[in-house]
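Participant:
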Amino acid sequence: VLKAQLTKFKEKIDFEKIDKSEGDLIVDKCKELKKKFEDVFDAIYTACDETVIDSYVEEQESILENIDEIYLTVVRKFKTSNCSSSKTEVSDSVKLPKLSLPTFTGNINEWITFKDLFNAAVNNNSSLSDSQRLTYLKLSLKYEAFKIIQSIPVSDSNYKIAWNLLDERYSNKREQVFALIKRLMSLQQIQSESTTALLNLVDNINEIIRSLDILKQNVENFSDTLILYIILQKLDNSSRMWFERQLKKDEIPKLSNLIEFLKDHARTLQHSKPSSNKYQKSYKSTSLLSNFKCVYCNEDHTLQKCSKFLNLHVDQRVGFVKSKHLCFACLSHLHMVKKCKSTSSCKHCQKRYNTLLHIDRNLKVQNQGLSPQAEVFVPSSEPTTSNMVPSTSVCANNLVKEKQNTNVLLCTAVVNILNSKNQLVSARCILDSASQKSYIKRSLVKKLGLNVKNKSISVSCLGAAETIASGEIDFTFTPHFNQKFHVKTSAFLIEKITDNIPTINLPQSLKDSFSDLLLADPNFHNASEIDVLLGVNVFLSLMKGETIKRDERLPFASSTKLGWVIAGSTAFPVENLQETSVSYLSVNTEELIQSFWELEQIPTSSSFTKEENLCEKHFIENYARNDKGRYSVKLPFKAERQELGDSKEFAFRQFLNLEKKLLKIPNVYQQYKDFMSEYLSLGHMEEVDENSVDVKNEHFYIPHHHVIKESSLLVYV
Numbered sequence: 001v002l003k004a005q006l007t008k009f010k011e012k013i014d015f016e017k018i019d020k021s022e023g024d025l026i027v028d029k030c031k032e033l034k035k036k037f038e039d040v041f042d043a044i045y046t047a048c049d050e051t052v053i054d055s056y057v058e059e060q061e062s063i064l065e066n067i068d069e070i071y072l073t074v075v076r077k078f079k080t081s082n083c084s085s086s087k088t089e090v091s092d093s094v095k096l097p098k099l100s101l102p103t104f105t106g107n108i109n110e111w112i113t114f115k116d117l118f119n120a121a122v123n124n125n126s127s128l129s130d131s132q133r134l135t136y137l138k139l140s141l142k143y144e145a146f147k148i149i150q151s152i153p154v155s156d157s158n159y160k161i162a163w164n165l166l167d168e169r170y171s172n173k174r175e176q177v178f179a180l181i182k183r184l185m186s187l188q189q190i191q192s193e194s195t196t197a198l199l200n201l202v203d204n205i206n207e208i209i210r211s212l213d214i215l216k217q218n219v220e221n222f223s224d225t226l227i228l229y230i231i232l233q234k235l236d237n238s239s240r241m242w243f244e245r246q247l248k249k250d251e252i253p254k255l256s257n258l259i260e261f262l263k264d265h266a267r268t269l270q271h272s273k274p275s276s277n278k279y280q281k282s283y284k285s286t287s288l289l290s291n292f293k294c295v296y297c298n299e300d301h302t303l304q305k306c307s308k309f310l311n312l313h314v315d316q317r318v319g320f321v322k323s324k325h326l327c328f329a330c331l332s333h334l335h336m337v338k339k340c341k342s343t344s345s346c347k348h349c350q351k352r353y354n355t356l357l358h359i360d361r362n363l364k365v366q367n368q369g370l371s372p373q374a375e376v377f378v379p380s381s382e383p384t385t386s387n388m389v390p391s392t393s394v395c396a397n398n399l400v401k402e403k404q405n406t407n408v409l410l411c412t413a414v415v416n417i418l419n420s421k422n423q424l425v426s427a428r429c430i431l432d433s434a435s436q437k438s439y440i441k442r443s444l445v446k447k448l449g450l451n452v453k454n455k456s457i458s459v460s461c462l463g464a465a466e467t468i469a470s471g472e473i474d475f476t477f478t479p480h481f482n483q484k485f486h487v488k489t490s491a492f493l494i495e496k497i498t499d500n501i502p503t504i505n506l507p508q509s510l511k512d513s514f515s516d517l518l519l520a521d522p523n524f525h526n527a528s529e530i531d532v533l534l535g536v537n538v539f540l541s542l543m544k545g546e547t548i549k550r551d552e553r554l555p556f557a558s559s560t561k562l563g564w565v566i567a568g569s570t571a572f573p574v575e576n577l578q579e580t581s582v583s584y585l586s587v588n589t590e591e592l593i594q595s596f597w598e599l600e601q602i603p604t605s606s607s608f609t610k611e612e613n614l615c616e617k618h619f620i621e622n623y624a625r626n627d628k629g630r631y632s633v634k635l636p637f638k639a640e641r642q643e644l645g646d647s648k649e650f651a652f653r654q655f656l657n658l659e660k661k662l663l664k665i666p667n668v669y670q671q672y673k674d675f676m677s678e679y680l681s682l683g684h685m686e687e688v689d690e691n692s693v694d695v696k697n698e699h700f701y702i703p704h705h706h707v708i709k710e711s712s713l714l715v716y717v
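Residue numbers are given in the numbering used here: position 421 of the sequence shown equals residue 421, and the series is strictly consecutive.
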């Protein structure tokens with residue numbers, strides 16, 4: 001209603017024809033509307049949720065700007081006659097703060113600034129007496145500076161004495177200059193590119209230079225170069241690189257050029273900084289620069305020489321190598337063992353892994369049930385070059401049938417997640433109050449087809465074990481029984497969250513004990529995979545606070561917005577069958593010796609083929625640098641060519657088949673069409689007029705097809 005009143009009020013005003021009396025009425029109406037709108041929005045802010053308060057703030061600002069526009073237009077029209085009322089309005093709405101006295105603590109670098117401010121505010125004020133000036137001076141001094149005149153009594157005759165004592169102590173020109181140079185030398189070095197740090201450095205430098213100018217120490221010639229060098233030492237490596245790239249060879253830049261560069265560079269960093277939530281926390285992330293550092297402790301050495309890694313138990317070393325997806329042969333993170341070119345192997349067993357990962361399998365196990373000579377069938381995984389087959393014997397075979405009397409359930413729920421096509425996909429999640437972030441399985445994200453943001457964090461688990469979660473998505477989910485209530489959150493991508501929860505199937509009678517409740521997970525008693533882990537940020541917002549415990553043998557039931565979750569220990573007995581088998585592998589020593597000599601044998605150097613020699617010669621004769629500094633080389637072509645025959649008909653038939661296939665996949669077809677259109681517009685190909693083709697010369701036609709990157713979350717053609 002108020003917005004409608006404002007609109008009608010604004011439409012009725014004819015600013016060209018209004019007189020003084022109408023102008024006064026319009027001003028009063030503006031004040032009245034402004035007061036009403038402020039009261040309405042105050043009531044809205046009290047009742048609304050914090051998540052939508054920003055939209056109301058923007059709306060309020062827009063409405064108040066319209067009212068102020070009407071008010072100012074009328075006031076300007078009658079400025080002469082309403083001068084006094086306008087001044088009254090300003091004086092009522094704007095209250096200037098009282099100027100406070102400058103303070104001085106005894107820092108010689110601050111004396112010049114303090115002296116100028118105190119002269120302007122106190123010494124040059126003719127309405128003050130000298131005793132008042134001395135009182136103000138004592139109030140302005142602190143610490144070491146105050147001690148100099150502390151014992152001087154307040155009187156008109158003592159003011160000049162006190163002022164001269166301070167001026168004599170702190171106006172020593174040589175000490176002031178040396179103090180400024182010391183301050184310049186002690187400026188903190190910038191560790192990484194930062195807008196705030198660069199601007200802070202510029203402000204400090206300008207303040208020091210102005211102070212030197214006041215002391216008649218002009219920054220010229222060699223002094224300019226000296227200060228330039230000192231400032232460059234304070235810059236981070238990236239900023240210094242950008243500054244030096246714009247210089248000519250052997251050029252000594254001016255200090256003013258560096259100052260302007262720092263201002264522009266800081267402005268560039270500010271504009272290029274990605275927008276982020278002001279409440280977003282920083283997380284430990286992976287870095288490409290760590291490629292040349294130890295992947296365990298991030299120090300400047302290889303993993304094989306890391307004392308912390310060497311102090312780990314061999315099982316922990318193996319677990320770390322697996323979690324980081326390192327090569328088992330050379331412990332490199334650049335490839336897996338299948339692509340490793342290293343010829344080294346374990347010094348203990350000669351197998352294809354690093355000696356640091358060797359586990360002694362010769363365990364002394366008491367014979368339980370089977371003879372050590374009993375033969376078992378061992379299928380070979382890979383063909384071997386040797387005819388010597390290792391003999392395998394079963395040393396022990398344990399079969400344990402355990403009856404568990406207690407099991408512990410965790411909070412699980414079944415939710416529906418909205419995918420990229422606005423369809424609901426069912427997923428099973430676990431509510432974890434001990435997790436700072438939420439996580440989702442990568443396989444589920446592929447099924448959802450949601451956009452993935454390029455983020456990575458290091459996840460620390462129990463026992464300080466770490467894993468990397470790369471990629472983050474925003475998604476919306478609802479309870480499995482109610483689509484009206486929905487929750488928006490974000491989660492990091494991870495390959496696997498945990499094992500099945502619960503680890504074994506529990507009896508149906510456990511579920512029947514909660515048959516009267518609307519369960520968040522209707523099959524909480526059955527062992528099943530976990531697709532999503534909801535951290536404490538989502539966990540607490542879903543809890544309602546009601547918890548029931550019906551029996552000592554039953555777990556707790558807690559009420560949430562997703563339904564009732566069942567968690568805690570249960571006394572339902574469950575049989576758990578575990579089988580453990582220990583085998584002993586005996587390898588013939590002749591085979592070990594043969595493998596040793598094969599490893600130690602110097603590999604024969606392979607000679608290049610004729611084509612390879614021609615390619616190398618072609619590169620040496622034709623490579624060059626272009627105007628951008630990049631290497632360029634002509635493509636090598638064979639003089640001989642194979643006869644393709646009449647390939648036009650085959651290529652055309654292949655194209656028609658491809659077109660029929662793509663029409664059945666609209667998404668891929670559109671991407672294929674866009675790619676070919678872009679290829680044509682960029683001039684990478686052009687249409688051939690068949691009438692202009694010389695039939696006498698040979699022409700060959702080749703078909704083309706698309707390639708889909710199936711491993712990507714989106715289809716890339």
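Note that beta-carbon positions come from the ideal geometry of N, C-alpha and C, so glycine has one too.
Quantities reported herein were computed from a predicted structural model and do not represent experimental measurements.
Please state whether the Cβ-Cβ distance between Y738 and L141 is less than 9 Å.
Facilitator: As shown, the chain starts at 1 and ends at 717. That puts residue 738 outside it, with no answer to give.
Participant: Rounded to the nearest angstrom, how far is the Cβ of C327 from that of H335, given a contact under 8 Å?
Facilitator: Going by Cβ atoms, the distance from C327 to H335 rounds to 6 Å, so yes, they are a contact pair.
Participant: Sort out for me which residues DSSP pairs E472 with in a bridge.
Facilitator: Answer by DSSP bridge pairing, in chain order: K453 and F492.
Participant: Is D264 closer than 9 Å to I190 when the C-beta atoms are compared?
Facilitator: No, the pair does not count as a contact, with Cβ atoms beyond the cut-off.
Participant: Could you tell me the distance, in whole angstroms, from the CA atom of Q233 to the CA atom of T609?
Facilitator: Rounded to the nearest angstrom, the two C-alpha atoms are 53 Å apart.
Participant: From the DSSP output, in three-state form, read off M543 for me.
Facilitator: In this structure, M543 counts as strand in the three-state DSSP scheme.
Participant: Tell me the residue span of the beta strand (DSSP E) that contains I208.
Facilitator: Here I208 belongs to no beta strand (DSSP E); instead the alpha helix (DSSP H) covers T195 to I214.
Participant: Anyone know if the C-beta pair for V314 and L357 falls short of 9 Å?
Facilitator: It is a contact, given that the beta carbons lie within the stated cut-off.
Participant: In three-state terms, what does DSSP make of R169?
Facilitator: R169: helix per DSSP, three-state reduction.
Participant: Would you be able to state if there are at least three C-beta pairs under 8 Å between the segment 534-551 and the segment 424-437?
Facilitator: Yes, they touch.
Participant: Classify A557: buried if its beta carbon has 16 or more other beta carbons within 10 angstroms, exposed otherwise.
Facilitator: Buried.
Participant: Would you be able to state if there are at least three C-beta pairs under 8 Å between the segment 102-122 and the segment 60-76?
Facilitator: The answer is no - the segment 102-122 does not touch the segment 60-76, with fewer than three Cβ pairs under 8 Å.
Participant: Quick check: the segment 469-476 against the segment 450-458, are there 3 or more CB pairs under 8 Å?
Facilitator: They touch, by the three-pair rule.
Participant: Which term fits Y439, buried or exposed, when burial requires 16 or more other beta carbons within 10 angstroms of its beta carbon?
Facilitator: Its Cβ being crowded by 16 or more others within 10 Å, Y439 is buried.
Participant: At what residues does the beta strand (DSSP E) containing N416 begin and finish?
Facilitator: Run containing N416: T412 to L418, per the beta strand (DSSP E) assignment.
Participant: For the alpha helix (DSSP H) containing F320, list its first residue and its last residue.
Facilitator: That run of the alpha helix (DSSP H) goes V314 to S323.
Participant: Would a C-beta distance cut-off of 9 Å place I148 and R169 closer than the cut-off?
Facilitator: Contact: yes.
Participant: Less than 9 Å between the beta carbons of A571 and P479, yes or no?
Facilitator: Not in contact: A571 and P479 (Cβ atoms no closer than 9 Å).
Participant: In this structure, does DSSP put C429 in helix, strand or coil?
Facilitator: It is a strand residue.
Participant: Report the rounded CA-to-CA distance for A162 versus L134, giving the unit in angstroms.
Facilitator: Looking at the two C-alpha atoms, the distance is approximately 8 Å.
Participant: Y353: buried (16+ other C-beta within 10 angstroms of its C-beta) or exposed?
Facilitator: Label assigned to Y353: buried.
Participant: If the criterion is Cβ atoms closer than 9 Å, does the pair L228 and L199 meet it?
Facilitator: Their beta carbons are not under 9 Å apart, which means L228 does not touch L199 by this criterion.
Participant: With distances taken between CB atoms, is the gap from V487 to S569 smaller than 9 Å?
Facilitator: In this structure, S569 does not lie closer than 9 Å to V487 by Cβ.
Participant: On the premise that T195 lies in contact with L258, defined as a C-beta separation below 8 Å, what is that separation, rounded to the nearest angstrom?
Facilitator: Not confirmed; about 17 Å, so no contact.
Participant: So the candidates are L6, I497, E38 and K305; which of them puts its Cα closest to the Cα of V459?
Facilitator: Among L6, I497, E38 and K305, the Cα nearest to that of V459 belongs to I497.
Participant: So H706 and Y672 are supposed to be a Cβ contact under 8 Å. How far apart are they, rounded?
Facilitator: Sure, about 5 Å apart at Cβ, within 8 Å.
Participant: May I ask you to list the residues that DSSP assigns as paired with V688?
Facilitator: DSSP output for V688 lists no bridge partner at all.
Participant: Leaving out five residues on either side along the sequence, give the residues of the same chain with a beta carbon under 7 Å from the beta carbon of I230.
Facilitator: L184 and M185.
Participant: Cβ atoms of A427 and D300: under 9 Å apart, would you say?
Facilitator: No, the Cβ-Cβ distance between D300 and A427 is not below 9 Å.
Participant: Is DSSP giving V154 helix, strand or coil here?
Facilitator: In the structure shown, V154 sits in coil (DSSP, three-state: anything other than H, G, I, E or B).
Participant: By how many angstroms is the C-alpha of D674 removed from the C-alpha of S681?
Facilitator: When rounded, the distance between both Cα atoms is 10 Å.
Participant: Per DSSP, S558 forms a beta bridge with which residues?
Facilitator: Bridge partners of S558: T547 and V565.
Participant: Using 8 Å for Cβ pairs, my map puts V717 next to V668. What's the rounded Cβ distance?
Facilitator: Correct: roughly 6 Å between the Cβ atoms.
Participant: According to the neighbour-count rule (16 or more other Cβ atoms, all chains shown, within 10 Å of its Cβ), is K437 buried or exposed?
Facilitator: So K437 counts as buried.
Participant: In this structure, does DSSP put K441 in helix, strand or coil?
Facilitator: Here K441 sits in strand by DSSP.
Participant: Considering only C-alpha positions, which residue in the set L139, D167, E144 and Y143 is nearest to V154?
Facilitator: If we check each option's Cα against that of V154, L139 comes out closest.
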